[in-house]
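Structure record follows, encoded as structure tokens.
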Amino acid sequence: MALVRKLPMKKMGLDTFGQLAENLSNSILAKGSESTRIDIIFDVYKKSSIQQMERAQRSSSEEITITIRSDNQKLPVNLDMFWSSMLNKVRLQEYVYKWMLENVVSEKEIIFGGVYGGECRKLLAGTETQITELSSSQEEADDRIMFHINDSVVKHGVKSVLVDSPDTDVLVNLIFHFKKTWQLQKLFVKLGNRRNKKTVPVHLLVDQLDNNLVLCLPAIHALSGCDSTSKVGPKLSGMKSSMDLSLLAGFGVEELSPQMISNAEKFLVSGLKKTDCSTFDEYRWEQYHNSKKELNFNQLVCCSSTLREHIKRAYLQCRMWLQAPTPEVTKPDPCQYGYRATDVGIIPVILPVPSRPDDLPPPCKCPTSCISNKTCICRGMKIKCVVFCGCSKGKKCRNPHN
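For what it's worth, full-length UniProt numbering labels the leading residue of the sequence shown as 1, then goes sequentially.
Laid out in structure tokens, this is it:
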């Protein structure tokens, strides 16, 4: 679906659903003209899934629901509202599949993954066949791509694969599984948009990367921010040679433990800035007191309790990626990994504990000693100073309530 959305439909003069399907079909066949097999991978949309909630949050438009009745039916004027509907995406995928089934006659195998809620169909010489061994419980097309590559390599002896996907999640997983899972000679991925399209030789890229970095790449990507997790720090910080990759040992593979969460937090702290801190709470305090400009709490990094929920979500995502080459994935309960169930679906746990009570007064701004009830908020209200006060609750602080 990502490739469909990137089509500049208005500039290409596409007015109807039939024209869209024809243009998309011609584009796919042209890209796969030198291949022995073409795999078209669709997302599977489920209302209660984490992925669907993420899609809904990214959408900035109200949705409209459209039933596609004929090839001559006009495309919607407001495409943003069209893409906001999960049902529209499902209907469009099914329409494109049926259009190609009726209009494409090719002596080349065309595999459709993820149609009709997870089924796989093969189109060859105008004949449709269901491929049961390629049916899968995976929702994301990003993951299903890995499964289809695995099938082509293991069962059919394919030695060279080209993937057309603009998604960084896909690139990360291709790098990891090329090194860890597949016996491929060549693997290419097309990245970027129509104006800045480039083909990356993954097999050559992997040779240039440190082996330990490749094996930790899914964990680094999930922790620092991917499609389903929030961005915590600059992505390149996680690639520094000075990073202690041993802190990510077993992440996404072994059962999540308190020590693994602590190690992941330490890894993320070390990627933010040169610091001796080992937790986000410590770094938050350091950031507040060492800043050259006055900061409010909203400008600080998140607290450790919030970050640990993020780490749980990153672990869950990483675990799903590592299972991607298999048809049936084991998905743990998201509510045990940084999510909670609501009436509208599964949503992330952002703030498990309040960062500060609503009625808590602001910290005092005394430079050192807190000597007056009039100038020191804390002393005047007969409460203790804290490390976020101007005095940092240091030895020179004279607040008698400490």
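Glycine included, C-beta positions come from ideal geometry on N, C-alpha and C.
Which runs of the alpha helix (DSSP H), 4 residues or longer, sit entirely within the segment 132–206?
-> 141–154, 168–180
Exposure of Ile350, with buried meaning 16 or more beta-carbon neighbours within 10 Å | exposed
Could you say which of Lys374, Ser27, Asn399, Asn23 lies nearest to Lys384 if we only look at CA atoms?
-> Asn399
Cutoff 7 Å; reference Asn251; Cβ partners in own chain excluding five residues on either side | Rather than Asn, the amino acid found at residue 251 in this sequence is Phe. So the list reads Ala219, Met260, Ala264, Tyr315, Cys318, once near-sequence residues are dropped.
Could you check which residue in Glu286, Asp359, Leu248 has the C-alpha nearest to that of Gly390?
-> For Gly390, the nearest C-alpha among the options comes from Glu286.
Given a cut-off of 7 Å, decide if Asp142 and Val170 are closer than it, judged by their beta-carbon atoms.
-> Closer than 7 Å, so yes.
Counterpart residues of residue 408 in DSSP-defined beta bridges = For the chain, the structure presents residues 1 to 402; residue 408 sits outside this window and is missing.
Over what stretch of residues does the beta strand (DSSP E) that includes Tyr339 continue unbroken?
-> Boundaries of the beta strand (DSSP E) harbouring Tyr339: 339–342, taken from the DSSP string.
Looking at the unbroken beta strand (DSSP E) that takes in Phe112, where does it start and where does it end?
-> 109–115
Would Cys303 be called buried (16 or more neighbouring beta carbons within 10 Å of its own) or exposed?
-> Cys303 should be labelled buried.
To the nearest angstrom, how far is it from the Cα of His156 to the Cα of Glu128?
-> His156 and Glu128 have their C-alpha atoms roughly 20 Å apart.
Are the beta-carbon atoms belonging to Val96 and Ala30 less than 7 Å from one another?
-> No. Outside cutoff.
Bridge partner(s) assigned by DSSP for Gly345 = Thr342
List the DSSP bridge partners of Asp39.
-> Ile111
Residue 412 in three-state terms, based on DSSP | Residue 412 lies beyond the residue range present for the chain, which begins at 1 and ends at 402; the question has no answer from this structure.
Alpha carbon to alpha carbon, how far is His310 from Ser106? Give it in angstroms, no decimals.
-> 47 Å
Going by C-alpha distance, which of Leu124, Val329, Ser25 is nearest Arg144?
-> Checking every option, the nearest Cα to that of Arg144 belongs to Val329.
Can you give me the Cβ contacts of Asp151 inside the same chain, cut-off strictly under 7 Å, excluding the 5 residues immediately before and after it?
-> Leu134
Thr306, enclosing alpha helix (DSSP H) - first and last residue = 304–322
What is the rounded straight-line gap between the Cα of Ile175 and the Cα of Asp207?
-> Straight through space, the alpha carbons of Asp207 and Ile175 are spaced by roughly 10 Å.
Grab the span of the beta strand (DSSP E) containing Gln93 for me, first residue to last.
-> Counting along the chain, Gln93 falls outside any beta strand (DSSP E), though it belongs to the alpha helix (DSSP H) covering 86–103.
State buried or exposed for Leu87, treating a residue as buried only when at least 16 other CB atoms are found within 10 Å of its CB.
-> Exposed.
Boundaries of the beta strand (DSSP E) in which Gln130 is found, first to last residue | 127–130
What did DSSP end up calling Leu124 once you bin it into helix, strand or coil?
-> strand
CB contact flag (Ser25, Val104, <7 Å) | yes
Where does Lys374 fall in DSSP's three states?
-> coil
Helix, strand or coil: which one does DSSP assign to Lys266?
-> helix
What number of angstroms, rounded off, separates the C-alpha of Arg379 from the C-alpha of Tyr288?
-> C-alpha separation (whole angstroms): 21 Å.
Which residues in the same chain have their Cβ closer than 6 Å to the Cβ of Asn212, if we skip the five residues on either side of it in sequence?
-> Leu245
Tell me whether the beta-carbon of Val153 lies closer than 7 Å to the beta-carbon of Leu124.
-> Judged by their CB atoms, Val153 and Leu124 are not nearer to each other than the 7 Å cut-off.
So which of Arg308, Lys382, Glu282, Ile28 has the shortest CA-CA distance to Phe112?
-> Ile28
Cα separation between Met12 and Asn23?
-> 9 Å
In the structure shown, what three-state DSSP assignment does Pro400 receive?
-> coil
Locate the alpha helix (DSSP H) running through Ser224, then write down its first and last residues.
-> 211–224
Rounded C-alpha distance that separates His177 from Ser224 | 20 Å
Determine the closest residue to Asn373 out of Ser392, Asp358, Cys397, Asp359, with distance taken between C-alpha atoms.
-> Cys397
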